[in-house]
Amino acid sequence: MSLLLRRRFFWEEIDLMSLLDILLLVAALLASGLFVLGRGSFAGWLATVVYGLMLAVLAIAGLALDSGVAFIPSAMSFEILGRNLGWRLDGLGWFFALLTVGAAFFASWYGSGEWGRKQKRMGLQHALLALNVLAMLLLLSSGDLLSLFIGWELVSWAAFAIMTQGGGPAVAAAYRYMIYALAGAMAVFAAIMLVQNVTGGLGFADLQTAISAMSTAQVWVLFILFAAGFGVKMALMPFHLWQAPAYSETPGASSAFLNAVSARMGLFALILVLVKLTGLEALGSLAIPFTFMSAKSALMWVAAITMVVPTFIALMQTDARMLLTWHGIGQGGYMLLGVLVGTSLGTAGGLMHVFNYATYQAALFLAVTAVIHRAGTSDLDELGGLITRMPWTYVTLLMGIIGLAGLPPMNGFVSKWMIYKSLLDGGQPLLLIMAFAATLGTILSVYKLIHNIFLGQLRREHQHLKEAPVSMVLPMLILAGIGFVTGFMPGLALNITDIAQRAIGGDMLPHHLGGVTLATGSLNMLWVVGVLIGAIGAGALIFYLLGNRRYEVHQFDNYAGGHFLSADIRYHFSHEFYPGLARVIGPWYRGSIVRAEQGIGILVNVAGDLWQAVFRVAYTPLYMLLVVVLGLVFTGSWGIVP
Amino acid sequence: MNTVPQIIFPVAIPLIAAFLLPIAGRCHAGFGRIFGRAAVLVTFLASALLAWQVAGAGPASSAMGGFKAPLGIVFYADNLAMAFVLLLNIGVWLFWPSGDEDRSGPYTLLLTLLGGGAGLVLSGDLFNIFVFYEIVAVASYGLAASGGSAAGFGASLRYLLLSALGSSLALMGIALVYAAAGTLNLADLALLAPDVLRGPPGAAAFLLLLIGFGVKAELFPVNSWVPEIYASAPVRVTSLLAGIVSKLALIVILRFLVLVFPMPSAYGLLLTLGILGVLAGELAAYRARDLNSTFAWSSIAQLGVIAIAFSIPGPAGIAAGIALALHHAVVKPAFFFIADKWRGDVKLLSGGARTSPLVAALFVLLSLSIIGIPPLPGFWAKYLLLDAAFSSSPAYWLAAAVVLAGAVVEGAYLFRAAGFFYGGPQKGRGAALFMPGELVPAFVLGAVLLVAMFAIAPLGAYITSMAVQAADVPAIAAQILLGGN
Amino acid sequence: MSTGAVLYAGAIGLFLIGCYAMVAERHLIRNILGLVLVESGVNLLLVAVGFRENAAAPILKAGQSAGMMVDPLPQALVLTAIVIGFGVLALALALVVRVHQAYGTLDTREVARLMRVEREASGPGAAGPRAGAKS
Amino acid sequence: MSDKLPVIEDQPEICRSVDAGERSVWTRVMNRFADHCRARSLFVLHYCTGCGAIELPPTITSRFDMERVGVSPMVTPRQADILLITGYLSIKTLKRVILSYEQMQSPKYVIGFGSCTINGGMYWNSYATVKRLDQYIPADLFIAGCMPRPEAVQQVLLKLMEDIDAGKANGWQDYYNNYDRYLGNQQALFGESWHTPTDVIAEAKHYGYLADGTMGRHTDLLLKRADYALDRVPEDYPERGKNERRLP
Amino acid sequence: MMSYVADFIFMPLIAFVTGLGLVLMARRVRAKIERRVGPPVLQPIYDIVKLYAKKTQISHGIMHDLSIMMLLGGFITAEIFLPVPGFDGLAGEGDLITLIYIMMVPMLGLALGVGSCANPNGSIGISRALTAMLAYDIPFIIAVTGACMAYGTTNLIEIVQIQQAGGPASWGAATMPLLAFGGLLAVHGMMGKEPFEIYIAPAEIATGPMVEMSGKYMGALFIMQCFQLYTIGVIYTTLFLGGGENWPFFLAKVFAVVFISVAVTNVYGRFKTDTMIRWMWKWPTGIALAGLALVMAN
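Residue numbers (the numbering used here), protein chains in the order written: chain Y, 1 to 642; chain H, 643 to 1127; chain F, 1128 to 1262; chain Z, 1263 to 1510; chain X, 1511 to 1808.
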């Protein structure tokens, strides 16, 4: 297929062949350069500029993909052990690449400011961030199953490297992550080899032929291996324990990057393998006997549970970063649910939720890092009343939590609305109810987050806090701004997700700048947000015109049942914020999965001790004879052919 | 094809040198060491020449003294054999004791080990293999005891008893084979085996041979000597034994399997022992507390993986086995050198990365490769294994699953140790600051690993051609019976 | 019973006695003697394999046809096997002397226990290059 | 607490100070409408200090039902218009009464219920009680009687509504205009370091009720001690955590 | 755009006036149950005007003021998206799910404002209000999901047309009685009336969120109460009682819905927070789920 376009576009003379190569080359040079440059403070700014450049290259690639090009091939391809490895960037990969480089851009911008100067080894963190971006680009542009697996491993290990930067507890959390990631990777490796066993090849097309050629049992094994392998990285329900501590212990800027994008690599791989290659009909046809469920609905229920349970665990957290990372796991459930519904609305909703999540989660993490930078702790019981001292950080966190909770003015609402609508039209009421329960849980826990940090009584030692420096506030505000703009005009984000949706296949979603117009109920955010802002303006008018001028009092001029309030009494209500709810759902937190994980650990220890004891006994010749006798019996009975 | 007289040089030169060394050593103290190194160098050159010839003109063989099968002793050299002879030569050169070794003991033992090992791989006659195996065994008992510590003597004595019993069993196996087939020449047996060694006697003979040679190949039930010997023997001997000599024994078992006992029950037996070996090795290594015993158990596991690879019938299995063996031969000695420097409980080594970052980085590189992380050669070896395992019967799928699970457990304990190096606070003595000079072999092997990373494609092609050559039995038989004059 | 069967019974008997000695005996020397018995049993088995009923010794005298002789090949093998067994025995005894000097006892379980105690003491406890080990 | 008896200064005649902007028709109509609504919607804070508390529930329930005229009870001073103080006032209680009064939003009215607030009632010679309420906070109406009946409360409330409707009940402006005098009496009772969290002077300045009587001798003491703003905290304040008292 | 101006102005005003009527009705019903005369007709207006006419207006920071604006703005937006006879407003642009979310914006605004007042009573009140929201919203959503599944659409205008096509027989309450009843219990919780008034709770936390609200802030909360009663009444009527074909009939239905809730209110004491959650997740949720199962069955 000739890659030169019939119509004349300005990028026509840039040979499309080299766009992906430029991207990968620049990422590799940046990673190696930063390792060499190391400590230099300009390393951060250099990285930020380079990420900006990569964003531009991706934009051009996006324009090309938008105008009908199927994928952007790369010159880089190897022929090893009779298998050829190729790299090419299609719409789906491009979409996730855009998010990756965008998140890296903001993280490195944030890291090269004053926050970076106070870190121990900021140069190394910049370098590892660049390494992560390179690994993710390799994964996203993989052309066949083997390069997919190689990219997958590189991403896992790059994430492991960046997680260990936090020191002490971070290393323990990273170690736990590594075991999960390794188990997941081995599952994927086994699945790939299974495909190769059936079709003899490792290309994406071979997977499709393998699915049709395999027996249902083999297809089930393949489905479980792929779902489990990629599910580990996405922190689907049974494998989710590692993500919260690992992502919250990582130092600020890189944890914003990890939270925004790194967990989504699992979603990319799941979409690529299960949705694009195997196809949802094939998954749907994999019926579980004796139940009305199929593989697809089983995965949807896993996604639904992953949506609800982590959100209510987040509700009970007392550390701001842990709360946000637990929400990260919950939001992953939304995206997978949206994509698995199968209708164009659902897929568009799921993909847009990936985009939205990246914007507001990164903004939230950068805001919490700014609070840590100034107040020294992220423990919700030690903070309070910072709104007067850090107003811009408050604004970012407010826009972020409105996005995370999915309320109208922000973009989070649009994608959640599309997911709900697709669930409703797709005839899945129970999943819709679970989705909504998760949203309610999110609203409760995000309010606890913003209340305990910014509202309420300002503590004595936070009196003289200053606002976070500009180099930290600016990226946060821009991210929050992106969230608001795509919320006000969701059409912008939907154009981007169109490219990814076209790559996945299936019908496209007709949408306009304001949102979606369907027969069974439409959403036009231009009107919704416009009227909301107009109405708030009306509220402002009522507030300022009617009634006397407002007189601002300080925080101790407060009603406390006739008690005289002063700074040495801590009356800020923040510890155990929802006591009533805790009494009802408290007993439900039995931590059964945590105990299961410890069980496996103990099992391995006992087995290890057993094997060592076997060897420590003195009579090894006895074993030799024993085996000889057993062997004779084994061979004597003609040795059943295994 | 041609019969090459030089085929016996890799065996003859070291043995003669081993004989002359004590004499040379007695007349001049330092001369012993130089003479030894020179002998190894000459052997290496001879082997390289032979290997180049074999690679060029195909497998060579020669019957000793002109006696034809079934009586004569035959030597047979193909690419597989020559590869491992070269590996042995390089290994001995690299792990030649450097210190001011005045006693000539270890040098002679090393040379006998070199000669015996080469003979083991080259000879085409069953009893001849047994004799060379005994030479290698005796040399390894001596080397294991050369550490001079009480534990060394105790361990090598227990090892001797175990191995001697194993050899007797092997001899009994050979007697059974001779009783059934009337000949001991491998090629002859290859032609007679299908009808003669089909039934239970054949299986029993293979079992006895497998257990006999399994002692050195660290197969499951008979590898209890591994932790004791590797803990007490000097590090260069440990690397030699773990890295190279155990592979030679496995190659011999492969020869039996391919030529003499191509029966499903034989493959099944080796597979079972392989799986048990992997399980035992990985789980025991998870519980080991100091680095040295961790790597001892992990070498049991890795050899279990190679045994699984060889138990897959057909050239694919052999190629995977060879790749894994070569990779393990490069990685394991380096690990042992690091373990030798960082003795004692892993917890006491916390903060090691700060005192010696280079060694810690090497440790992480080796761990990544042995787990099988893509760009490194370890991944491609494991890929070959899984490729072969998944394309054969479902029992091998279970084996592949065990290997993968083993890799996870391996990752767990290796990175637990890495966690101590990097994460732990600088408490206690931590890792002693030492010049990397003492770890030259380890860094050399690390460099070899990195270089191999870029040369995967040619290496892969070479290994697969070697496997194909080793697998087609009729060509070997024809070469040995007709070609040898 | 034919002489062949007697030979076989003798060989297997020697082998089993040797195995029993190696496994059950606590004394090192007895273990080594057991080893010797095992090796001699296997050698006898090898010879038994080449045995033919009422055939002559394999010495070629003028006029005798090869058919009536006992198979000479296993006997050649046995020669080498005996030499190997002897070599290993010598090394084993040397090691036994060293073990006795080191541990003062020849009881296998006692030696094993002392070795483990020493490894525990020297192993995880004292980190650092081992005294006396020449790397 | 100073030992000499509290000095009672004479009270100028409470008169309605003419609002500057009152002359324009629009404000006059708006004020008239505002007074009309203020009269008909009164939130009462029953400050039940003494024995009179039992008389108030009947005023709300079905027998006397004050909701007919728009009066309903309210829980906190912030939202209340009327501070109905029932019964005797011990000095300790007076502190809370003054705090509540200052937290109320003006226009606010104080009704003294029972003779204890007028002249100390039966505790006329007790050392612990306050004899006249209106020395410390401006009181609009008093109900005589030692525990007057609910009808009396009803009458007072109706009387107050008429005053509000006529625009006469502005005792609250007097608190701003003569704050110094009230503060003097309070400091005489509670000592020089007495201050409430509410910054009355700033409030008066903000809403333009500053009169010459607002600032004076006593308010100077106030400015030194009050920690209205956070930054004016005494240096010897102990570090965090030492005496941290978490509310249960 | 111009066609909507009439809707922008009149719908909130109608909502406010009806809301005042509803509040008056509520207080009158309470008085009559207590055998009292009850407040005069214009009492709600007097209260609001008196609060706005307060001379001093205490504020606790910009967020406190912003919350009042979000409060009023949120409810005005919600009114505009609620179709009433004669005015369809923007119901075509945003459907039922959007409306439910828009109703959460004022709740969040109030929460932020009360939070910035730095008063423990307020914070406890808001934590209880959010817990109550979690409690009553689950049965409400089950009812809404069931209704939307039955009607096949979430566009409010179409829902009204479907129900009016067959007269009272095709009303939501007629076709889905269980869902309607479950929805009614949830709606009762939404109004924050007596058994579920855990966040105002004057005796325990001094009127909860309203503790630091005074003057025009308190006035805004009174207006919010009017809007809230109106909005909830109209949503329930639209979903289950056939929506408004003409004004008198529509207002009668809205007043009926609020009357049922108000009548129940005055005979109950207040639930504890966890009792409310358990009750809400047991009875209304159970009934609504049964209704949903029925809807899914056919």
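Note that CB positions come from ideal geometry on N, CA and C, so glycine has one too.
Next on the checklist: On the CB-based measure, 16 or more other CB atoms within 10 Å of its CB, does X/Asn1756 come out buried or exposed?
Outcome noted: exposed
Checklist entry - Taking the alpha-carbon positions, what's the X/Cys1658 to X/Ile1672 distance? => result 11 Å
Checklist entry - Using the rule of at least 16 other Cβ atoms within 10 Å of the residue's Cβ for burial, across every protein chain shown, is X/Ala1766 buried or exposed? => result exposed
Item to check | Expected contact under 8 Å - CB spacing of Y/Val171 and H/Gly758 to nearest Å | outcome: About 47 Å separates the two Cβ atoms, so there is no contact after all.
Next on the checklist: Looking at chain X, is there any beta carbon in it that lies within less than 8 Å of the beta carbon of Z/Cys1310?
Outcome noted: no
Checklist entry - Would you report the Cα separation of X/Leu1606 and H/Ala1047, rounded to the nearest angstrom? => result 51 Å
Checklist entry - So what does DSSP say about Y/Asp498, is it helix, strand or coil? => result helix
Next on the checklist: Taking DSSP's pairing of strands, which residues face Z/Cys1310 in a bridge?
Outcome noted: Z/Thr1348
Checklist entry - Rounded to the nearest angstrom, how far is the Cβ of Y/Ala43 from that of Y/His126, given a contact under 8 Å? => result 5 Å
Checklist entry - Got a sec, what are the start and stop residues for the alpha helix (DSSP H) H/Ser782 sits in? => result 768 to 787
Next on the checklist: Taking 8 Å as the threshold (beta carbon to beta carbon), is X/Glu1722 in contact with chain Y?
Outcome noted: yes
Checklist entry - Of the residues F/Gly1131, F/Arg1179, F/Asn1181, F/Pro1199, which one's Cα is nearest the Cα of F/Leu1187? => result F/Pro1199
Checklist entry - What is the DSSP secondary structure of X/Gln1673, reduced to helix, strand or coil? => result helix
Item to check | Cβ neighbours of H/Ser941 in the same chain (closer than 8 Å, five flanking residues each side left out) | outcome: Glu860, Val868, Tyr872, Ala884, Ser888, Gly923, His970, Lys974
Item to check | Beta-bridge pairing of F/Asp1234 - partner residues as DSSP gives them | outcome: F/His1154
Next on the checklist: Short of 8 Å Cβ to Cβ, which residues in the stretch 1133 to 1154 of chain F face chain Y?
Outcome noted: Cys1146, Met1149, Val1150
Item to check | Short Cβ contact (8 Å threshold) for Y/Thr486 with Y/Ala480 | outcome: no
Next on the checklist: Contact defined as beta carbons within less than 8 Å: I believe F/Arg1153 pairs with F/Asp1234. What is the distance between those atoms, to the nearest angstrom?
Outcome noted: 5 Å
Checklist entry - Quick one: Cα of X/Gly1619 to Cα of X/Met1580, how far? => result 5 Å
Item to check | is_contact[Y/Arg389, chain X] using C-beta, thresh 8 Å | outcome: no
Checklist entry - Under a three-way DSSP split, which group does Y/Asn84 fall into? => result strand
Next on the checklist: I want to verify the contact list: residues of chain X whose CB lies under 8 Å from the CB of Y/Gln665, in sequence order.
Outcome noted: Outside the displayed span of chain Y (1 to 642) sits residue 665 of chain Y, for which this structure offers no information.
Item to check | Reduced DSSP category for X/Val1594 - H, G, I as helix; E, B as strand; rest coil | outcome: strand
Checklist entry - First and last residue of the alpha helix (DSSP H) that includes X/Arg1638? => result 1630 to 1661
Next on the checklist: I want to see whether chain H comes within less than 8 Å of Y/Val644, judged by CB atoms only; does it?
Outcome noted: Coverage of chain Y is limited to positions 1 through 642, which leaves residue 644 of chain Y absent and any answer about it impossible.
Checklist entry - Does the Cβ-Cβ distance between Y/Ala362 and Y/Phe577 come in under 8 Å? => result no
Checklist entry - Looking at Y/Ser294 and Y/Leu283, is the spacing between their C-beta atoms short of 8 Å? => result yes
Checklist entry - What residue from Y/Val594, Y/Tyr360, Y/His451 has the CA that sits closest to Y/Phe413's CA? => result Y/Tyr360
Checklist entry - From which residue to which residue does the alpha helix (DSSP H) around X/Arg1788 run? => result 1783 to 1807
Item to check | Cα-Cα separation between H/Ala822 and H/Val864, rounded to whole angstroms | outcome: 27 Å
Checklist entry - At least one CB of chain Z closer than 8 Å to the CB of Y/Leu565: is that the case? => result yes
Next on the checklist: Ignoring anything shorter than 4 residues, give me the alpha helix (DSSP H) runs that lie fully in the stretch 165 to 232 of chain Y, in order along the chain.
Outcome noted: 168 to 199, 204 to 213
Next on the checklist: So Y/Gly562 contacts chain Z; which residues on that side make the cut at Cβ distance below 8 Å?
Outcome noted: Arg1358, Leu1361, Ser1362
Checklist entry - Taking buried to mean at least 16 other C-beta atoms within 10 Å of its own C-beta, is H/Pro1156 buried or exposed? => result The requested residue 1156 of chain H is not part of the displayed model; chain H covers only 643 to 1127.
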